[in-house]
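Inspection log for the structure reproduced underneath, given as structure tokens.
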Amino acid sequence: MQSLQRSMSGVDYAANPVQWVKERAGGFPWSKQREIMEAVRDHPRVAVRSCHATGKTFTAAQIVGWWVDSHPPGESFVVTTAPTAPQVKAILWREINKLHARAGLPGQTNLTEWYLGDEITGEPRELVAFGRKPSEHSEAAFQGIHAKYVLIVFDEASGIPKSLWDAAESMAAGRHCRILAIGNPDVTTSEFARVCRTDSTWKTIGVGYQDTPAYTGEEVPDYLLDLLISPEWVESRRESWGEDSALFQAKVAGEFPDEDSDPFRVIPMSYLRACQYIDHRRRHRS
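The numbering used here numbers the first residue of the sequence shown as 1067 and each following residue consecutively.
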């Protein structure tokens, strides 16, 4: 099955991710989402540190869909990962599956995989995207993937170990390959923090509460405004946490906390979910 690589007006979708989202997916990306999509198109490595409720997962899923649908079948591949296996399934791939069904994209998807082709019609099935959570010391799980157009997505990037960042670099060595790292800036010692702060080979984008439509006055549909961070929540966190706290900096301002800004450290949700997952497995073994 051929991907729809051009719009009705003949515009090349591979060069126009925002137009793909609007026309193929029926989405309404707001300004920061458009900036991220265009950055992935234009830069080999993109790191996005963002506060809560800005549509991070939606953005990443749209980029995955755009990549598969607008690049030549057999020449493109997508790999996604997150700090825990449940996160891979329940967060990004849940959104990818919703996008696939809503937009009528080619092939079939399941909990963590996307195939093109159809065994019923006799068309060979080909794996074009998958989500995995390899062991922290098993970067070999990402080896052996070769394609002209490779996209790697790190969801909740603060929780991704450095070994997988190194493995991603090996996979994305070609000039048409891309890496997108996106998440809350809540682990100051992470590779995500280093990349965002000091690595000039990455295009970095910050999204704080003040960048969202409720504060900038950007016109967006009401349904979208209801999904994004609200001024009421921001003010409640300002009062509860304090504007200079590590929690407020990471979760609301979209900035990595200063090392000495707070006697308490931000506990990333990825760490809590990992503990819950380990505890769940232990309970079921006993």
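Even for Gly, the Cβ is constructed at its ideal location relative to N, Cα and C.
Check, Outcome
"How long is the line joining the alpha carbons of Pro1149 and Asn1082, rounded to whole angstroms?", "30 Å"
"DSSP puts Leu1246 in a beta bridge; with which residues?", "Val1112, Val1219"
"Taking contact to mean at least 3 C-beta pairs separated by less than 8 Å, is the stretch 1250–1267 in contact with the stretch 1291–1299?", "no"
"Measure the C-alpha to C-alpha separation of Ala1080 and Asp1108 and round it to an integer number of angstroms.", "11 Å"
"Where Val1216 and Phe1208 are concerned, what is the direct C-alpha to C-alpha distance, given to the nearest angstrom?", "12 Å"
"Who pairs with Leu1291 in a beta bridge, going by DSSP?", "According to DSSP, Leu1291 bridges with nothing at all."
"Tell me where the beta strand (DSSP E) around Gly1183 begins and ends.", "1179–1184"
"Going by the DSSP bridge assignment, what does Glu1189 pair with across the sheet?", "Asp1184"
"What is the DSSP secondary structure of Lys1088, reduced to helix, strand or coil?", "helix"
"Per DSSP, Val1194 is paired with what?", "Answer is none; Val1194 lacks a bridge partner."
"Glu1104 CB to nearest chain B CB: under 7 Å?", "You won't find chain B in this structure, because it holds only one protein chain."
"Taking only the alpha-carbon atoms, compute the straight-line gap between Glu1089 and Trp1132 and give it to the nearest angstrom.", "11 Å"
"To which residues does DSSP link Phe1143 through a beta bridge?", "Val1216"
"Counting Cβ pairs, one atom from each stretch, are 3 or more of them under 8 Å apart for the stretch 1237–1251 and the stretch 1116–1132?", "yes"
"Smallest Cα separation from Glu1321: which of Gly1272, Val1106, Glu1298?", "Gly1272"
"Just verifying my parser: in three-state terms, what is the DSSP assignment at Gln1174?", "strand"
"According to the Cβ coordinates, are Leu1165 and Ala1126 closer than 7 Å?", "no"
"Is Thr1123 helix, strand or coil when you go by DSSP?", "helix"
"Take Arg1101 as the anchor and find which of Thr1120, Ala1091, Gly1092 has the nearest alpha-carbon.", "Note on identity: in this sequence residue 1101 is Glu, with Arg being the wrong assignment. Cα-wise, what sits closest to Glu1101 is Thr1120."
"One question on the structure: do Leu1193 and Tyr1181 come within less than 7 Å of each other, judged by their Cβ atoms?", "yes"
"Can you tell me the Cα-Cα spacing of Tyr1275 and Asp1310, whole angstroms?", "15 Å"
"Between the alpha carbons of Arg1303 and Pro1323, how many angstroms are there, rounded?", "15 Å"
"Of the choices Pro1200, Asp1184, Trp1307, Pro1297, whose alpha-carbon is the least far from that of Leu1230?", "Pro1200"
"Taking the C-alpha atoms as reference points, what is the distance between Leu1177 and Asn1163?", "8 Å"
"Take the Cβ of Glu1257 as the centre, count every other Cβ of all protein chains shown within 10 Å, and call the residue buried at 16 or more, exposed below.", "buried"
"Three or more C-beta pairs closer than 8 Å, one from the stretch 1277–1288 and one from the stretch 1237–1246: is that the case here?", "no"
"Tell me the residue span of the beta strand (DSSP E) that contains Val1273.", "1269–1273"
"Let me make sure I understand the geometry here. Which of Lys1122, Val1154, Ser1236 has the alpha-carbon closest to that of Gly1210?", "Ser1236"
"Quick one: grab the DSSP three-state call for Asp1078.", "strand"
"Going by the beta-carbon positions, is the gap between Thr1146 and Gly1197 smaller than 7 Å?", "yes"
"Rounded to whole angstroms, what's the CA-CA distance from Ser1136 to Gly1076? Just pull it up for me.", "13 Å"
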